[in-house]
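First up is the structure itself, then whatever we jot down about it.
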Amino acid sequence: MFELLGHGLLTVLQWNYLVPLFAGTLIGVIGGALPGVTITMTIIVILPFTYGLDPLQGLAAMTGVYVGGSAGGLVTACLLGIPGTPSAIATTFDGFPMARGGAPGRAIWLGVWSSFFGGLLGGLFLILVTGPLAAIALQFGPWEYFSLFVLAMAMVAGLAESSFIKGLLSTAIGLVITVIGTDPIGSVPRFTFGSEFISGGFPFLPVLIGIFAFAQIMSDIEKIGVPKAPEAALAAQPSLKVSHLKVIGEIIGRPFLLLWSTVVGILIGVLPAIGGSAANMLAYDQAKKFSRHPERFGTGVPEGIIASESSNNANVGGSLVTIMAFGIPGDAVTAVMLGAMTIHGIQSGPLFVSQQPALAYGIYAAYILAHPLMVLILAAGALFMLQITQVRLAVLAPVVLVLCVIGAYALNNTMQSVYVLLIFGVFGYALVRGGFPLAPLILGLILGDQIEINLIRAIMTDDNPLLFFTRPISGGLLLCAALSVALAVWQHMRHQERIAREEAPDF
Amino acid sequence: MRLGRDSFAGLIFLAVSLVLLVQSFGLPHLPLVPVGPGFYPRIVLIFMAVTSAALIVQDLLARRAEPADVPAPARPRRAYGLVALSFVIVALYLVLLPLLGYRIATVLFVAALQATLERPATWRQWAVFAAVAIGTSAVTYLVFERYLSVLLPRGNWTNW
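This is how it looks when you write it as structure tokens:
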């Protein structure tokens, strides 16, 4: 394993891989720092650039975006009090008060080094666990796969913050989109209404780009002209000078906090379709609960920054485990990576690591190397990132949309994919306005075909439907799915009750 | 009783699922596969119909529970008109793309959307927007066509 990893590191250190990795990390840091631009959006923007590259170059660039984006959000979070990405929300709680209190350098570098250590620990998990997990997944038959996918969807729908029913309906919409077009077993056209346009079904990437990019950009456009809360400005050019050894000592000196936040990040990453935005909040919450001085959180304590930033980068490692061992994306960013792999004809799933070791270990190597690159980029240009955040939406939005159009068009050089992009752009925006979570829809969209294929395969092998419940792993997974749904229902009911009580008029 | 936003959404998805469910019974049966191509879609569509119905019921119950004369909380002002206009401009871009070609259509699109989102007040701003429009088109064209071998649409009218 270490020999393969060493080989992967040597490969990625060659210029033709290092340049895409560096460019990806740089763009990721910039996208992460830009408020209103998420990591998903950044990876969508660089997607078309990867079409012309070889698979490892493209995946190295994407891994760079993912790592850089997860760290980039901390710059604006600490210096402006605005999280650059949702995965840096909890960083603002203590990062901004610390920076305002006269220690901007300490705030930024606590964040950067926590991201570095959290990310590398996540990488260790990724390298050690992916292989054994894939080996377990290889023992799975169609029953187990079907049940695993059902569990993934049950968990994601249950995590929808607004409404559990909307989470389930969103999953159903994603699944229904995949049944339109030819059926995967007998190639019979389904629900095409005689239209050539949808006879092949809706291609995955244009649907994903449309839903995410338009939902995001149009939500940003909505807010044009809305007066913003006045920013408590720092000095125009704050000094970020700091003793790195001291900052690293502050982090290493809290080993339990660092390890626990990393574990939280990894676990959230492993869960399908939720990512850094949940990881940093949960890790911050945990750090506060375990602290002897929870009342100091929010005033600029280093623990808050360490928890948030180490967890959101560890989350990247966790997400990569799920996609590389099972072929299930851990979040929207890895869903785009999965799409990019499919374009290059790479089959993700449990056979990926054993059949494509050069590529798999190349991804590990890119992931590891992206961390020092991220530190270098932030050391050289943290204040420059602050200047970039001044870019106006009027300039940013059209450029991003042009890249989305190229991303859809270049898939198969037809305008059809571009029309699909717009149709699902309007649909995605309408869903967001209606309060529907997008993550369950995307997971349904990704897993739809696989669920159908495994279900039919299971029935073709043995027509006894009880096997889904009586085979131990399959039955266990379905039981977990049922428990997950029950837990989600219970939590939502409790949440509703609490809201009702809180909103009751106070006489 | 007036229907809420969730009920409307639920009704639309319920209608879609029922129409497709009816369609699924007309799909042919394959001799070699024990279940036909309509088997799995029916499960998914029933799931969608049930969740849509549950959303409607949830919304109706919530509306019944809250007193009718309580004013809705004030929502922050949103530029929905600008969103609609932006969608129209994107749609026009997609119409013009195969007619004018990538290079010309992209210059027009970027310029139009910029000017819509932020009305330029001075000549300097006009110049910046024009430069961004031409720059975006030229740089992306060069990078994708020349260096990444990704072909971009040619115009039927302009042949460019």
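Top to bottom, those sequences are chains V and C.
To convert, count from 1 in the first sequence and add 102; that's the working numbering.
To convert, count from 1 in the second sequence and add 111; that's the working numbering.
Ideal Cβ positions, reconstructed from N, Cα and C, are used throughout, including at glycine.
Note that the coordinates shown come from a computational prediction; the quantities given were computed from them, not determined experimentally.
Would you mind sorting residue i into buried or exposed? The rule is 16 or more other CB atoms within 10 Å of its CB.
i	result
V/Thr563	exposed
V/Ile84	No information on residue 84 of chain V is available, as it lies outside the stretch 103 to 609 that chain V covers here.
V/Asn118	exposed
C/Tyr213	buried
V/Lys348	exposed
V/Lys343	exposed
V/Met595	exposed
V/Ser272	buried
C/Ala223	buried
V/Asn515	exposed
V/Phe198	buried
V/Ser421	buried
V/Leu384	buried
V/Gln518	buried
V/Lys390	buried
C/Ala295	This structure gives no information on residue 295 of chain C, because the portion of chain C shown stretches from 112 to 271.
V/Met476	buried
V/Gln159	buried
C/Tyr191	exposed
If residue i sits next to residue j, beta carbons under 8 Å apart, how far is it from one beta carbon to the other, in whole angstroms?
i	j	result
V/Ile553	V/Phe358	Between V/Phe358 and V/Ile553 the Cβ distance is about 40 Å, and since that is not below 8 Å, they are no contact.
V/Gly464	V/Gly154	Between V/Gly154 and V/Gly464 the Cβ distance is about 18 Å, and since that is not below 8 Å, they are no contact.
V/Ala416	V/Gly367	3 Å
V/Met257	V/Leu369	Not confirmed; about 12 Å, so no contact.
V/Leu540	V/Ala317	7 Å
V/Ile555	C/Pro148	Not confirmed; about 12 Å, so no contact.
V/Leu161	V/Ala468	7 Å
C/Leu132	C/Ala160	7 Å
V/Val169	V/Val418	6 Å
V/Phe314	V/Gly530	7 Å
Opposite residue i in the DSSP bridges: which residues?
i	result
V/Gly283	V/Arg292
Could you have a look at residue i and say whether DSSP puts it in helix, strand or coil?
i	result
C/Arg257	helix
V/Pro340	coil
C/His140	coil
V/Pro607	Because the pLDDT of V/Pro607 is 31, which lies under 50, any placement of that residue in the model is unreliable, and the number read from its coordinates should be weighed accordingly. Three-state DSSP puts V/Pro607 in coil, outside helix and strand.
C/Trp268	coil
V/Asn118	helix
V/Gln457	helix
V/Gln492	coil
V/Val90	Residue 90 of chain V lies beyond the residue range present for chain V, which begins at 103 and ends at 609; the question has no answer from this structure.
C/Ala190	coil
C/Met159	helix
V/Phe242	coil
V/His395	coil
C/Ile148	Per the sequence shown, residue 148 of chain C should be read as Pro rather than Ile. Note: C/Pro148 maps to coil in three-state DSSP.
V/Gln449	coil
V/Ser297	coil
V/Glu554	helix
Rounded to whole angstroms, what's the CA-CA distance from residue i to residue j? Just pull it up for me.
i	j	result
V/Ala611	C/Leu156	A question about residue 611 of chain V goes unanswered here, because the residues of chain V that appear run from 103 up to 609.
V/Ala442	V/Ala588	35 Å
V/Ile408	V/Ile353	7 Å
C/Trp271	V/Phe266	51 Å
V/Glu298	V/Gln241	40 Å
V/Phe454	V/Ala427	7 Å
V/Pro607	C/Glu177	Any reading at V/Pro607 must be qualified, since the residue scores a pLDDT of 31, below 50, and its modelled position is unreliable; the value itself is stated next. Each residue's Cα considered, the two are about 12 Å apart.
V/Phe195	V/Pro404	11 Å
V/Ala236	C/Leu207	48 Å
V/Val497	V/Ala510	21 Å
V/Gly312	V/Pro305	11 Å
V/Gly213	V/Val121	25 Å
C/Leu171	C/Arg116	11 Å
C/Ile245	V/Leu488	26 Å
V/Ala259	V/Ala380	14 Å
V/Gly303	V/Arg292	9 Å
V/Leu581	V/Glu397	40 Å
V/Leu149	V/Pro244	32 Å
V/Ala590	V/Lys268	12 Å
V/Glu324	V/Ser363	35 Å
V/Val281	V/Gly550	8 Å
V/Tyr521	V/Glu105	47 Å
V/Gly138	C/Arg188	18 Å
C/Ala272	V/Asp433	Any answer about residue 272 of chain C is impossible in this case: the structure gives chain C only from 112 up to 271.
C/Pro145	V/Arg559	10 Å
C/Val127	C/Phe158	12 Å
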